[in-house]
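> Keeping their order, the protein sequence lines are chains A and B.
All the letters of the first sequence, read from the start, carry residue numbers 1 to 362 under the working numbering.
All the letters of the second sequence, read from the start, carry residue numbers 363 to 724 under the working numbering.
By construction, the Cβ of each residue, glycine as well, lies at the ideal position given by its N, Cα and C atoms.
Okay, here's the structure, questions in a sec.
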Amino acid sequence: MSAFFDAWHYDGKSAVRRKVEVQIIGPQFFLLETERRHGPFAFSDIEYVTHKDDADVYGLKEMDGWRLMLSGPVPTDLNAMLPARRNYGGWVDRLGFGKAAVAFTLVSAAAVAVVLLSPQWLAPLIPDSIDEKLGDALVGDFGGRFCSTPAGDAALKKLVASLDANPADLQVEVAKIDMINAVALPGGNVILFDGLVKQARSPDEVAGVLAHEIGHVREKHVMQALLRQMGLAVVLGGIDGNSGALVNNMLAMSYSRESEAEADAHSMKALGGANISPIGTASFFDRLSEMDGSAGSSKSETGITGYMSSHPLSRSRKEAFEKSIVKGKNYKPALTQAEWTELKTMCTQDRKAKSGFGFDFN
Amino acid sequence: MNDDVSQRHSAFRFHGSWQEFARIAFPNLLLTIVTLGIYRFWATTREREYLWSKTDFIDERLEWTGKGMELFIGFIMVFLLIGLPFIVIQLISQGLIFRGETIIAAVVTLMMFLLLFYLTGVAYFRALRYRLSRTYWRGIRGGSDDPGFQYGLAYMWKSVVGWLPIFLLVPWSMISLWNDRWNAMSFGPHRFSATAEWKPLMKRYLLFYLVPFLVFVGGIVFGISMAASGGAPNALGSTGIAIGAILAIIAVLSLYIVLPLAALAFYSKYFRLAVGGLRLQNLEFDFRARAPDWILFFLANMAIIVCTLGIGYIFMPYRNWKFFIDHMEAYGEINVDELTQSETVVAKHGEGLLDAFDVGAI
Numbered sequence: 001m002s003a004f005f006d007a008w009h010y011d012g013k014s015a016v017r018r019k020v021e022v023q024i025i026g027p028q029f030f031l032l033e034t035e036r037r038h039g040p041f042a043f044s045d046i047e048y049v050t051h052k053d054d055a056d057v058y059g060l061k062e063m064d065g066w067r068l069m070l071s072g073p074v075p076t077d078l079n080a081m082l083p084a085r086r087n088y089g090g091w092v093d094r095l096g097f098g099k100a101a102v103a104f105t106l107v108s109a110a111a112v113a114v115v116l117l118s119p120q121w122l123a124p125l126i127p128d129s130i131d132e133k134l135g136d137a138l139v140g141d142f143g144g145r146f147c148s149t150p151a152g153d154a155a156l157k158k159l160v161a162s163l164d165a166n167p168a169d170l171q172v173e174v175a176k177i178d179m180i181n182a183v184a185l186p187g188g189n190v191i192l193f194d195g196l197v198k199q200a201r202s203p204d205e206v207a208g209v210l211a212h213e214i215g216h217v218r219e220k221h222v223m224q225a226l227l228r229q230m231g232l233a234v235v236l237g238g239i240d241g242n243s244g245a246l247v248n249n250m251l252a253m254s255y256s257r258e259s260e261a262e263a264d265a266h267s268m269k270a271l272g273g274a275n276i277s278p279i280g281t282a283s284f285f286d287r288l289s290e291m292d293g294s295a296g297s298s299k300s301e302t303g304i305t306g307y308m309s310s311h312p313l314s315r316s317r318k319e320a321f322e323k324s325i326v327k328g329k330n331y332k333p334a335l336t337q338a339e340w341t342e343l344k345t346m347c348t349q350d351r352k353a354k355s356g357f358g359f360d361f362n
Numbered sequence: 363m364n365d366d367v368s369q370r371h372s373a374f375r376f377h378g379s380w381q382e383f384a385r386i387a388f389p390n391l392l393l394t395i396v397t398l399g400i401y402r403f404w405a406t407t408r409e410r411e412y413l414w415s416k417t418d419f420i421d422e423r424l425e426w427t428g429k430g431m432e433l434f435i436g437f438i439m440v441f442l443l444i445g446l447p448f449i450v451i452q453l454i455s456q457g458l459i460f461r462g463e464t465i466i467a468a469v470v471t472l473m474m475f476l477l478l479f480y481l482t483g484v485a486y487f488r489a490l491r492y493r494l495s496r497t498y499w500r501g502i503r504g505g506s507d508d509p510g511f512q513y514g515l516a517y518m519w520k521s522v523v524g525w526l527p528i529f530l531l532v533p534w535s536m537i538s539l540w541n542d543r544w545n546a547m548s549f550g551p552h553r554f555s556a557t558a559e560w561k562p563l564m565k566r567y568l569l570f571y572l573v574p575f576l577v578f579v580g581g582i583v584f585g586i587s588m589a590a591s592g593g594a595p596n597a598l599g600s601t602g603i604a605i606g607a608i609l610a611i612i613a614v615l616s617l618y619i620v621l622p623l624a625a626l627a628f629y630s631k632y633f634r635l636a637v638g639g640l641r642l643q644n645l646e647f648d649f650r651a652r653a654p655d656w657i658l659f660f661l662a663n664m665a666i667i668v669c670t671l672g673i674g675y676i677f678m679p680y681r682n683w684k685f686f687i688d689h690m691e692a693y694g695e696i697n698v699d700e701l702t703q704s705e706t707v708v709a710k711h712g713e714g715l716l717d718a719f720d721v722g723a724i
């Protein structure tokens, strides 16, 4: 700070610097040069621009480049007429740094909470027609990859009917894709991949996985996940690319694990209701756990990684299904041997269905 | 009223200190975190206000008059006009792949890529225009009346021409685009003239271009000569293998070390040529940093970031600006009477595009 008060002026029309004195007349002022007088200007038009070294810089509304720079101890009568300094920007300056930081934290936490929690009660409010249209748009005829034989279709229909009370609003299909995977999509679409059906050792195993996917449909997980992803994308949109995506994925992942657990619970209940033994599903996860490494072996197989990445470790799931076995209960197979053979060979029999996928997804 | 620039040590001087900058950068970091990233637009503004106000050009400080709100609006515009449509298009093309319409999906994706490519060019242009229009010196600012849509096209075809002959014309496209950009800009009433030449850049570019080949060929020649002189592998045994392994490690390391060094050497020459070809009326500009300066600067930045476990990252805007100003030089003279206000339009939104694409440039 220089000891003396100094005022400099640029008129915004040329780059000439002018040493001036400020002459205050009520709500207005003049800038006096040795031989010239600039003004009058209204104090109400004065804006704070910036702080430059030891000077505060003021501008004038609607006058591009007009500057008044004041350094040293500003006379009190002038100081009283000038707008306040800006430091952090409007809101933060008004509240003060500490309070603003706390307020922003609360608002951010509330926004994230709403985005994470609201899909649970928003998803059921979305009309079924939208859900179905979305499903149709996304799945269509799956590029002609759905397999169909009369006997195979009948077996699949029987399986679905035994696991769900309202099989009419589910579209369950087997796709000719050699991956151990199954997906639930909007509009009640459930797709079992042929690779999964082929490697299953009993119809009970397929029933467990199918009931799991039906669980996703019934619990509205697909729509919830869509809403949550969209909400997170908006809320975290302000954060730079990578870190935002990382936080987004971590939050989405923790929720998807929760959904998987719910779907598993649904599956166990449905199996119990259909009198199908969960031991098949448990042994299916046992074999998976050998492939995903949670049993200590690291044999990996393409296709399995996608299914595993968002799912709880196969080993703990196997144990959960084993625990759900009711001793002494009279379980019966999910399908007869003939039906099971038809389902298993459906994609081999159906020569019209296109095969392969060309890319990985989960 | 003439200022003879050449008599001074340097027309550009920077007076900032990192301690002062820290008092801006740390609160910025905190506010950015608690607002889920939204404050970063105001943070950028505050940092620029500081850096500009600590920068002398001849006898007056620079002034940054950009507002956080402008950058925020730019970001929102990009999100609504580009981000959202792209998410929708991506969903549609995924649906198309699901349905087996891979060709249409490929065409849609290609169109999306071309549009992004075009907009990247426009973004580079508009970011420069925005920065000039918010930079004041003695009450006078810069700018451009060109909206940059033409430049977007030039950016596309010149980049492609640069890549086509196995990337050999990249220096030409870089210099030519720099000239295109700056020839459209002005400060006050004067238009910039950019006449940098690209041919002097070729030697450095070839150096960078040939490094991988030289390392590879060198390795092979060395290996052959070793094999020829080494005689029977049994005679040398494990020492021979050890020497081979060490050589392989040296080759890989030299790629990782030599390649960035060669890139910096190239960039240093590029920036020197590009700035050296710049004129504003009677002013000529020069950038004095040579390859060793850039390399030291780069290594120091890495060291700061690593030693502070990443927190030093917030000082990078300070370091970049200081490096830039410390090496900028201007010769010639300015007539401040003739340096009248710019009549270019002032866009109300900031560098949204550039910000969204995450490209930083001086």
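Helix, strand or coil for TYR498 of chain B, going by three-state DSSP, please let me know.
strand
> Would you list, in chain order, the members of the stretch 39-60 of chain A that have their beta-carbon closer than 9 angstroms to a beta-carbon of chain B?
The stretch 39-60 of chain A vs chain B, Cβ under 9 angstroms: VAL49, THR50, HIS51, LYS52, ASP53, ALA55, VAL57 and GLY59.
> So with CB distances below 7 angstroms, who are the chain A contacts of TYR498 of chain B?
GLY65
> Name the chain A residues whose beta carbon is nearer than 9 angstroms to that of ASP699 of chain B?
SER14, ALA15 and VAL16
> Can you list, in chain order, the residues of its chain whose CB lies under 6 angstroms from that of PHE361 of chain A, leaving out five sequence neighbours each side?
Annotation note: pLDDT 42 at PHE361 of chain A (below 50); position unreliable, coordinate value reported separately. Hits under 6 angstroms: none found.
> Could you list which residues in chain B have their beta carbon closer than 8 angstroms to that of ALA101 of chain A, in chain order?
Chain B residues near ALA101 of chain A: LEU392, LEU393 and VAL396.
> Counting only beta-carbon atoms, is ASP164 of chain A nearer than 8 angstroms to chain B?
no
> Which residues, in chain order, does the stretch 683-708 of chain B contribute to contact with chain A at a C-beta distance below 7 angstroms?
Only those residues of the stretch 683-708 of chain B whose C-beta falls short of 7 angstroms from the nearest C-beta of chain A are listed: VAL698, ASP699, LEU701, THR702 and GLN703.
> Roughly how many angstroms separate the alpha carbons of ILE673 of chain B and TRP404 of chain B, rounded to a whole number?
19 angstroms
> Between which residues of its own chain and ASP169 of chain A is the CB-CB distance below 6 angstroms, once the five residues before and five after are set aside?
GLY188
> Report the three-state DSSP secondary structure of ASP350 of chain A (helix, strand or coil).
coil
> Which full runs of the beta strand (DSSP E) of 3+ residues lie inside the stretch 617-678 of chain B, going along the chain?
640-642 and 645-649
> Thinking ILE420 of chain B and ALA485 of chain B are a contact (beta carbons under 8 angstroms), I'd like their distance in whole angstroms, please.
Actually they are not in contact, since the Cβ atoms of ILE420 of chain B and ALA485 of chain B sit about 32 angstroms apart, beyond 8 angstroms.
> Roughly how many whole angstroms lie between the Cα atoms of ASN79 of chain A and LEU70 of chain A?
10 angstroms
> Considering only their Cβ atoms, is the gap separating VAL235 of chain A from VAL102 of chain A smaller than 8 angstroms?
no
> If you compare alpha carbons, which of A:GLU21, A:GLY208 and A:TRP121 is closest to ALA263 of chain A?
A:GLY208
> Sorted by chain position, which residues of the same chain lie with C-beta nearer than 7 angstroms to ALA123 of chain A's C-beta, five sequence neighbours on each side aside?
LYS220, MET223, GLN224 and LEU227.
> List, in order along the chain, the chain A residues whose C-beta lies closer than 9 angstroms to that of GLU425 of chain B?
VAL49, THR50, LYS52, VAL57 and ARG67
> Could you name the residues of chain B that LEU70 of chain A contacts, counting a contact when the two beta carbons are closer than 7 angstroms?
Within chain B, no residue comes near LEU70 of chain A; the closest Cβ sits about 14 angstroms away, beyond 7 angstroms.
> Span of the alpha helix (DSSP H) holding ALA320 of chain A?
Per DSSP, ALA320 of chain A belongs to the alpha helix (DSSP H) from 314-323.
> Specify the secondary structure class of GLY514 of chain B as computed by DSSP and reduced to three states.
helix
> Would you please verify whether the beta carbon of THR34 of chain A is less than 8 angstroms from any beta carbon of chain B?
no
> What's the C-alpha gap between GLY430 of chain B and SER616 of chain B?
Their Cα atoms are separated by approximately 43 angstroms.
> Tell me which same chain residues have a C-beta within less than 7 angstroms of the C-beta of TRP544 of chain B, skipping the five on either side of it?
Excluding sequence neighbours, TRP544 of chain B sits near PHE554, ALA556 and LEU640.
> Rounding to the nearest angstrom, what Cα-Cα distance links SER129 of chain A and LEU446 of chain B in this structure?
23 angstroms
> Tell me the residue span of the beta strand (DSSP E) that contains ASP153 of chain A.
First-last for ASP153 of chain A: 150-163, but that is the alpha helix (DSSP H), not the beta strand (DSSP E).
> Specify the secondary structure class of MET69 of chain A as computed by DSSP and reduced to three states.
Strand.
> Which stretch, first to last residue, makes up the beta strand (DSSP E) that contains GLY50 of chain A?
The question names Gly, yet the displayed sequence has Thr at residue 50 of chain A. From DSSP, the beta strand (DSSP E) with THR50 of chain A extends over 46-52.
> According to the Cβ coordinates, are ASP164 of chain A and ILE214 of chain A closer than 8 angstroms?
yes
> Could you please give me the residues that DSSP links to PHE41 of chain A through a beta bridge?
A:PHE29
> Going by beta-carbon coordinates alone, are ARG488 of chain B and GLY510 of chain B separated by less than 8 angstroms?
Yes, they are a contact pair.
> Determine whether the Cβ of GLY638 of chain B lies closer than 8 angstroms to any Cβ atom of chain A.
Using beta-carbon distances, GLY638 of chain B does not count as an interface residue toward chain A, since no partner is under 8 angstroms.
> Which residues, taken in chain order from the stretch 440-451 of chain B, show a beta carbon closer than 9 angstroms to some beta carbon of chain A?
PHE441, GLY445 and ILE449
> Tell me the rounded alpha-carbon separation between VAL16 of chain A and TRP426 of chain B.
Rounded to whole angstroms, the separation of the alpha carbons of TRP426 of chain B and VAL16 of chain A is 19 angstroms.
> For ARG641 of chain B and chain A, any beta-carbon pair shorter than 8 angstroms?
no
> What runs of the beta strand (DSSP E), each 3 residues or longer, lie entirely inside the stretch 168-221 of chain A?
171-175, 182-185 and 189-193
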